[in-house]
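**Q** For any residue, its number in our numbering is found by taking its place in the sequence shown, counting from 1, and adding 1.
Even for Gly, the Cβ is constructed at its ideal location relative to N, Cα and C.
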Amino acid sequence: MKKIGVLTSGGDAPGMNAVVRAVVRKAIYHDVEVYGIYGGYAGLVSGNIQQLNLGSVGDIIHRGGTMLLSARLPEFKEEEVQLQAVEQLKKAGIEGLVVIGGDGSYRGAKALTAHGIPCIGVPGTIDNDISGTQFTIGFDTALNTVIDAIDKIRDTATSHERTFIIEVMGRDAGDLALWAGLAGGAETIIIPEENYDIHEICDRLKKGQERGKKHSIIIVAEGVASGTEIGKQIKEIGGMDTRVSILGHIQRGGSPSAYDRVLASRLGARAVELLLENRGGRAVGILNNVVVDSDITKVLAESHIIDLDLLRLSKQLSI
Ligand code: ADP
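1) Once DSSP output is grouped into helix, strand and coil, what is the label at S295?
2) Here's the rule I'm using: 16 or more other beta-carbon atoms within 10 Å means buried, otherwise exposed. How should V291 be labelled?
3) When you compare each of G269, R212, I306 and H305 to G6 by their alpha carbons, which one comes out closest?
4) May I have all residues whose beta carbon comes closer than 6 angstroms to any heavy atom of the ligand ADP, sorted in chain order?
5) Is G240 buried or exposed, if buried means 16 or more other CB atoms sit within 10 Å of its CB?
6) Please list, in chain order, all residues of the same chain as V293 whose beta carbon is under 6 angstroms from its beta carbon, the five residues on each side excluded.
7) Determine whether the beta carbon atoms of G255 and T134 lie at a separation below 8 angstroms.
8) Would you mind reading off the limits of the beta strand (DSSP E) that contains T164?
9) Hey, is the region 146-155 in contact with the region 106-125, meaning 3+ C-beta pairs nearer than 8 angstroms?
10) May I ask you to verify whether the region 246-254 touches the region 97-107, counting CB pairs closer than 8 angstroms and requiring at least 3?
11) Assess contact between the region 201-216 and the region 244-251, defined as three or more Cβ pairs (one per stretch) separated by less than 8 angstroms. Is contact present?
12) The alpha helix (DSSP H) that contains A272, what's its start and end?
13) Could you please give the first and the last residue of the uninterrupted beta strand (DSSP E) stretch that includes R244?
14) Considering only C-alpha positions, which residue in the set L276, V58 and Y36 is nearest to Q52?
15) Secondary structure at G11, three-state DSSP: helix, strand or coil?
16) Within its chain, find whatever has a CB closer than 6 angstroms to the CB of I202; leave out the 5 residues flanking it on each side and keep chain order.
17) Any chance you could list the alpha helix (DSSP H) runs of at least 4 consecutive residues sitting entirely within the region 61-88, in chain order?
18) Less than 8 angstroms between the C-beta atoms of R172 and D128, yes or no?
19) Measuring only the C-alpha atoms, how far is M170 from G66?
20) Are there 16 or more other CB atoms within 10 angstroms of the CB of G59, so buried, or fewer, so exposed?
21) Please name the residue, chosen from G117, A187, N196 and G44, that lies closest to I154 on a Cα-to-Cα basis.
22) Report yes if the CB atom of I138 is closer than 8 angstroms to the CB atom of V273, and no otherwise.
23) Let me check one thing: in DSSP terms, what residues is R283 bridge-paired to?
24) Taking D9 as the reference, which of K3, V24 and M2 has the closest Cα?
25) Pairs of beta-carbons, one from the region 172-181 and one from the region 299-318, closer than 8 angstroms: are there three or more?
26) DSSP state of V225, grouped into three classes?
27) For the beta strand (DSSP E) that Q52 lies in, which residues bound it at each end?
28) To test your reading of the DSSP string, which unbroken beta strand (DSSP E) runs of 3 or more residues are found completely within the region 156-220?
29) Which residue comes first and which comes last in the alpha helix (DSSP H) that contains G102?
30) Kindly indicate which residue of K27, I131 and E230 has the alpha-carbon position closest to the one of S266.
31) Tell me the DSSP bridge mates of G6?
32) According to DSSP, is I131 helix, strand or coil?
33) When we look at the beta-carbon of G94 and count the other beta-carbons within 10 Å, is it buried (16 or more) or exposed?
Written out as structure tokens, the structure reads:
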């Protein structure tokens, strides 16, 4: 393989740039040309492709977002549109592709591989919702952003003796809420992977207040309900007032953490190795701090497994 491409797709995540840098530098190290595809699959279909050199990826390792831009192209599910992308790649002489994104992006990568363009998936999403890896790139940074917000909200919760509900991102996954809740010392964590009982939550709040606890932090994953909805339920069932804080898109931005930069560098470099070994249709990941790769079809068929021991631990520690 002498020419490869790289694109970022779906929701952006901190560390995507560090992956792009690793892909470009690793490929050039092996005398392989690298082409950046701008704007995800939409840019691929329209042929927005430019060669990248060592300098193109200078000064980006610490930047959030993605220099290659991202986009959503729902039509990429259609074979006809996928074949237009294959044509563009063939026209540019690109023989393999690194796709950085979430599971939607992986589906596109799987389809292109089936059409004869070997692709490697690199997990870039703050949601940590991809199988075949314990951590996705961007998760650690988003987690730190959420913790920072929880710490600040805790200051005001303490001063005003209030119960705060903090809604965090994660799509259908509860990892971000769970890890943030444990690290932020939240009293209650509500995630999609475990049913919640609003009566039990209200009882816990009341018992805490009776023991002299003046404030409480409740973390709710967006995949369960909005923070406002949970606040309404607590008012209705327990008669308690709450304040709601929806963190929103600040969770997607910011300079990637050291962990995410190292993960991005390792996974990006491994993706290039796999292409050079002619092993398309794989997705890279990290398992017990070892870089691994799995069949992208298998990764798409399986769900990421959340560590519910952390939820039990949080309940024991927040009594
Ligand atoms: P993420 O990759 O973060 O999960 P999306 O689900 O929005 O984000 O997917 C990103 C892009 O991947 C979509 O806009 C679309 O172009 C492509 N994609 C999503 N699902 C499929 C699919 N089933 N087949 C082919 N391409 C897909």
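**A** According to the structure shown:
1) The count along the sequence shown starts at 1 and reaches residue 295 at position 294. Note: S295 maps to strand in three-state DSSP.
2) The residue given as residue 291 occupies position 290 in the sequence shown. That one is exposed.
3) Reading the sequence shown from its first residue, position 5 is the one you call residue 6. Among G269, R212, I306 and H305, the Cα nearest to that of G6 is on G269.
4) In chain order, the hits are S10, G11, G12, Y42, R73, L74, P75, F77, K78, G102, G103, D104, G105, S106, R108, G109, A112 and T126.
5) Mapped onto the sequence shown, residue 240 falls at position 239. Flag for G240 reads exposed.
6) Walking along the sequence shown from the start, residue 293 turns up at place 292. Closer than 6 angstroms at the Cβ level, and outside the excluded window around V293, lie G286.
7) Working through the sequence shown from its first residue, we reach residue 255 at position 254. Working through the sequence shown from its first residue, we reach residue 134 at position 133. Remark: C-beta atoms of G255 and T134 do not approach each other more closely than 8 angstroms.
8) The sequence position of residue 164 within the sequence shown is 163, counting from 1. Its beta strand (DSSP E) spans residues T164 to V169.
9) Between the region 146-155 and the region 106-125 there are fewer than three C-beta pairs closer than 8 angstroms, too few to call the two in contact.
10) Contact between the region 246-254 and the region 97-107 is not established, with fewer than three Cβ pairs separated by less than 8 angstroms.
11) Cβ pair count under 8 angstroms is below three, so no.
12) One-based indexing of the sequence shown puts residue 272 at position 271. Annotation for A272: the continuous alpha helix (DSSP H) segment containing it runs A259 to L277.
13) Here residue 244 corresponds to residue number 243 of the sequence shown, with the count starting at 1. Looking at the DSSP string, the run of the beta strand (DSSP E) that includes R244 is R244 to I247.
14) The sequence position of residue 52 within the sequence shown is 51, counting from 1. Here the closest residue by C-alpha is Y36.
15) On the sequence shown, residue 11 is found 10 positions in, with the first residue counted as 1. Correct three-state label for G11: coil.
16) Counting from 1 along the sequence shown, the entry for residue 202 is found at position 201. Result list for I202: T189, in chain order.
17) Fully enclosed alpha helix (DSSP H) runs of no fewer than 4 residues are not present anywhere in the region 61-88.
18) Mapped onto the sequence shown, residue 172 falls at position 171. Mapped onto the sequence shown, residue 128 falls at position 127. Result yes, Cβ atoms of R172 and D128 sit closer than 8 angstroms.
19) One-based indexing of the sequence shown puts residue 170 at position 169. One-based indexing of the sequence shown puts residue 66 at position 65. M170 and G66 have their alpha carbons spaced roughly 16 angstroms apart.
20) Reading the sequence shown from its first residue, position 58 is the one you call residue 59. Result: exposed.
21) Here residue 154 refers to the residue found at position 153 when the sequence shown is read from its first residue. The option with the nearest alpha carbon to I154 is A187.
22) Residue mapping note: residue 138 aligns to position 137 of the sequence shown, counting from 1. Residue mapping note: residue 273 aligns to position 272 of the sequence shown, counting from 1. No.
23) Taking the first residue of the sequence shown as position 1, residue 283 is located at position 282. In the DSSP assignment, R283 is bridged to I121 and D296.
24) Counting from one through the sequence shown, the residue named residue 9 turns up at place 8. Here residue 9 turns out to be Thr, not Asp, going by the sequence shown. Distances from the alpha-carbon of T9 to those of K3, V24 and M2 put V24 closest.
25) At 8 angstroms Cβ cutoff, the stretches touch.
26) In the sequence shown, residue 225 corresponds to position 224, counting from 1. In the structure shown, V225 falls within a coil segment according to DSSP collapsed to helix, strand and coil.
27) Residue numbering aside, residue 52 sits at position 51 when the sequence shown is read from its first letter. For Q52, the enclosing beta strand (DSSP E) covers residues I50 to L53.
28) Complete beta strand (DSSP E) runs here, min 3: 164-169 and 189-191.
29) The residue labelled residue 102 in the question sits at position 101 within the sequence shown. Segment G97 to G102 is the beta strand (DSSP E) holding G102; no alpha helix (DSSP H) there.
30) Here residue 266 corresponds to residue number 265 of the sequence shown, with the count starting at 1. Ranking K27, I131 and E230 by Cα distance to S266 puts K27 first.
31) Locating residue 6 in the sequence shown gives position 5, counting from the first residue. For G6, which the question treats as bridged, DSSP gives the partners Y36 and L98.
32) On the sequence shown, residue 131 is found 130 positions in, with the first residue counted as 1. Three-state result, I131: coil.
33) Looking up residue 94 in the sequence shown gives position 93. It counts as exposed.
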